[in-house]
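Below is one structure, written out as structure tokens; comments come after it.
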Ligand SMILES: NC(=O)c1ccc[n+]([C@@H]2O[C@H](COP(=O)([O-])OP(=O)(O)OC[C@H]3O[C@@H](n4cnc5c(N)ncnc54)[C@H](OP(=O)(O)O)[C@@H]3O)[C@@H](O)[C@H]2O)c1
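Numbering (our numbering), first residue to last: 1 to 359.
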């Protein structure tokens, strides 16, 4: 695969020029005056990084362009694949017509909808979609992923192009396990998404395989950011990510249910309690992300002396609320590590590479 350009730097003489560029941008990905990075998307296929400190006199402007025929393919067209493809298409990162999805069954509502938008949906077309891909997203359940990869015969020249970035979203499968069934020097990226990605509000971490570059990671990050927040970590940290953001939605659902029940116990209707509880969790999370303040600071701001909120906080803390939640994350991370080890052993022992997902 050939990238148009891996990046180039252009000197920009004035801050005013930066502003013109920003107003011309069709989509601003993130803007921060405090940090040194502004990331702007000028066209659907150009990722632009503008770095400066404070108001710059000579900022550096770096453009990373993807080829106009850049293609994203998916093997497995279930919940995750269709959510990611929809996100990428809606954000105009890649046109729908430059995405392909292969699945055993293609008559699902989500695949029909994507097909109507121009996505090339292929039944039993794993090899076909793999051969088109600049980024190939492996989106089957973990237990079939390695057999599916082997069936592709990835070493044959008619299948995966040498520079294709291969992305696994499968829980528990290590980079080394995936790399082992691919030709040497294959670029592999392992991600750990979470369920809220299905509604465009996920939290996802990824780790680079031995041949994937930082730039490969940035391309995958931009694509996945269309449905949530994405961070890069070392592979060893993905068990912790599994315990926190992977399993976390279930912990939050428990908390939400408890909040709702508390509201009902206090006399609210179930309908009102559900709406208020969900909005409260979302709003509190947004305050942490947007205010950039420690949750303890935000909590202190709403706990007046002798007031209602501190009475509730006292009730939670008298049962070690924070310790219980910490234990939940630690236990989930520990279990992820154990399952990863079991999968790895099972893969070493079995030619079929059967992996069990227990997330
Ligand atoms: N859903 C989540 O919130 C979530 C969160 C974190 C990670 N993940 C990971 O994301 C991956 C996909 O999850 P999902 O929820 O999207 O699963 P899913 O809805 O079951 O989608 C997987 C799809 O792959 C198809 N498939 C099975 N064998 C295939 C083959 N040989 N060739 C092509 N397609 C094949 C399945 O068809 P059949 O149904 O007919 O078998 C199914 O349509 C999993 O590895 C999971 O660990 C998911």
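Ideal Cβ placement from N, Cα and C applies to all residues, glycine included.
In angstroms, rounded to a whole number, what distance separates the CA positions of residue i and residue j?
i           : j           : result
residue 341 : residue 174 : 9 angstroms
residue 256 : residue 318 : 20 angstroms
residue 191 : residue 93  : 19 angstroms
residue 96  : residue 197 : 19 angstroms
residue 312 : residue 260 : 15 angstroms
residue 82  : residue 114 : 8 angstroms
residue 268 : residue 182 : 57 angstroms
residue 345 : residue 280 : 44 angstroms
residue 155 : residue 127 : 12 angstroms
residue 270 : residue 316 : 22 angstroms
residue 23  : residue 337 : Note on residue 23: pLDDT 33, under 50, position unreliable in the model; the coordinate value appears next. Cα to Cα, residue 23 sits roughly 47 angstroms from residue 337.
residue 100 : residue 72  : 7 angstroms
residue 304 : residue 310 : 7 angstroms
residue 212 : residue 118 : 30 angstroms
residue 184 : residue 202 : 32 angstroms
residue 239 : residue 225 : 21 angstroms
residue 80  : residue 136 : 14 angstroms
residue 308 : residue 284 : 17 angstroms
residue 362 : residue 222 : The requested residue 362 does not occur in the structure, where the chain is confined to residues 1 to 359.
residue 290 : residue 193 : 22 angstroms
residue 189 : residue 166 : 6 angstroms
residue 162 : residue 332 : 36 angstroms
residue 209 : residue 232 : 12 angstroms
residue 246 : residue 66  : 30 angstroms
residue 148 : residue 282 : 38 angstroms
residue 264 : residue 275 : 12 angstroms
residue 242 : residue 207 : 13 angstroms
residue 146 : residue 327 : 33 angstroms
Use the C-beta contact count for residue i: other C-beta atoms within 10 angstroms, 16 or more gives buried, fewer gives exposed.
i           : result
residue 297 : exposed
residue 228 : buried
residue 301 : exposed
residue 107 : exposed
residue 369 : Absent from the structure is residue 369, since the part of the chain shown begins at 1 and ends at 359.
residue 125 : buried
residue 374 : The question about residue 374 has no answer here: the residues shown for the chain are numbered 1 through 359.
residue 153 : exposed
residue 286 : exposed
residue 158 : exposed
residue 122 : buried
residue 295 : exposed
residue 254 : exposed
residue 103 : buried
residue 151 : exposed
residue 139 : buried
residue 387 : For residue 387 there is no data in the structure shown, the boundaries of the chain being 1 and 359.
residue 59  : Any reading at residue 59 is ruled out, since the residue's pLDDT is 44, under 50, leaving its predicted position unreliable.
Helix, strand or coil: which one does DSSP assign to residue i?
i           : result
residue 240 : helix
residue 368 : Nothing about residue 368 can be read from this structure; the chain reaches only from 1 to 359.
residue 228 : strand
residue 144 : helix
residue 268 : coil
residue 35  : Only weak support exists for where residue 35 lies, its pLDDT of 33 falling under 50; the value from the coordinates is given anyway. In the structure shown, residue 35 sits in coil (DSSP, three-state: anything other than H, G, I, E or B).
residue 190 : strand
residue 168 : strand
residue 320 : coil
residue 314 : helix
residue 345 : helix
residue 160 : coil
residue 335 : helix
residue 199 : helix
residue 372 : Any answer about residue 372 is impossible in this case: the structure gives the chain only from 1 up to 359.
residue 340 : helix
residue 154 : coil
residue 303 : coil
residue 181 : coil
Would the C-beta of residue i count as close to ligand 3, meaning under 7 angstroms from any of its heavy atoms?
i           : result
residue 104 : As presented, the structure is devoid of ligand 3, carrying ligand 1 as its sole ligands.
Could you confirm whether any beta carbon from chain C is found closer than 8 angstroms to the beta carbon of residue i?
i           : result
residue 187 : As a matter of chain content, chain C is missing from the structure shown, which is built from one protein chain.
*asked:* Ignoring anything shorter than 4 residues, give me the alpha helix (DSSP H) runs that lie fully in the region 65-94, in order along the chain.
replied: Listed in chain order, they are 79-90.
_Length-filtered (4 minimum) alpha helix (DSSP H) runs lying within the region 95-144_ = 109-117, 126-132
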